[in-house]
Amino acid sequence: MVRTIELNKRQEQILQIVKENGPITGEQIAEKLHLARATLRPDLAILTMSGFLDARPRVGYFYTGKSGNQLMSENLKKILVSDYQSIPVVVPENVSVYDAIVTMFLEDVGTLFVVDKASKLVGVLSRKDLLRASIGKQELSTLPVNIIMTRMPNITVCRRDDLLIDAAKELIEKQIDALPIIKDADGGYEIVGRLTKTNITKAFVALGEE
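Each residue of the sequence shown is one higher than the one before, counting from 1 in full-length UniProt numbering.
Dropping the structure here:
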């Protein structure tokens, strides 16, 4: 569960004053709290940047009427895939299943992206794909990954300028661990990054700590 934005006691007091008296100037808020205007400046900046308050020159502070959860939701809808993407781990389509398993282990990832000779995306390999292949009696060192991989166009992709929340929904809906981040290139897709459940978790943690 992502926690709501937490305010300290003085910030809560400021919020209440603005709710009851807004629009109100910083000097007037300071007078009500019997504090210097400079003392309140950091708190007012935090409340304004967080979206709890709106400030207008020569008018004062307004209460936006938004809760911490609403503000967190709005902030989440501003985050792009490019803000939290990581480096993709790519293998050629003629590599053996054995070598792919070794690569996945050494790189400590759960998904490999498969490319052709022109470095275009042609497939995706998950842990399940490699595990399923290793259970059989096939010779893993001679079996190419293009036999067992998920192929285009059955691959869910995303782009750097997609919203992170939309990519997260795709991960959940398709029940997959990672998405290739792609860009168009000569009739195909070039892989420019990857987005995983770990990336999504980092985004939520960062948002909760703001």
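Note that CB positions come from ideal geometry on N, CA and C, so glycine has one too.
Taking every protein chain shown into account, the CB of Asp-43 has 16 or more other CB atoms within 10 angstroms, so this residue is buried. Secondary structure within the segment 81 to 128: the alpha helix (DSSP H) runs of 4 or more consecutive residues, fully enclosed, are 97 to 107 (chain order).
The segment 150 to 169 and the segment 119 to 131 touch, with three or more beta-carbon pairs separated by less than 8 Å.
When DSSP states are grouped into helix, strand and coil, Glu-190 belongs to the strand group.
The segment 125 to 179 is shown to contain whole alpha helix (DSSP H) runs of 4 or more residues at 127 to 135, 164 to 174, in chain order. Taking C-beta atoms as the reference points, Leu-163 and Lys-32 fail to come closer than 9 Å.
Among the bridge pairs identified by DSSP, Ala-203 is matched with none.
When the beta-carbon positions are compared, Phe-105 and Arg-194 stay at least 9 Å from each other.
Asp-177 is the residue among Asp-177, Thr-156, Ser-50, Arg-56 whose C-alpha sits nearest the C-alpha of Val-109. In the structure shown, the three-state DSSP call for Thr-196 is strand.
A direct Cα-Cα distance of roughly 25 Å separates Gln-175 from Asp-184.
Your pair Tyr-98 and Ser-141 checks out as a contact, with CB atoms roughly 4 Å apart and the cut at 8 Å. The beta carbon of Thr-39 lies closer than 6 Å to none in the same chain, with the five residues before and after it left out. An exposed status is given to Pro-57, since fewer than 16 other beta-carbon atoms sit within 10 Å of its beta-carbon. Under the three-state reduction of DSSP, Arg-56 is assigned to strand. A buried status is given to Asp-129, since no fewer than 16 other beta-carbon atoms sit within 10 Å of its beta-carbon.
For Asn-8, there is no enclosing alpha helix (DSSP H), as DSSP marks it with neither H nor E. In this structure, Lys-120 sits near Tyr-189, with a CB-CB distance shorter than 9 Å.
Rounded to the nearest whole angstrom, the CA to CA distance from Thr-111 to Val-59 is 54 Å. In this structure, the alpha-carbon of Ile-24 lies about 16 Å from that of Arg-10.
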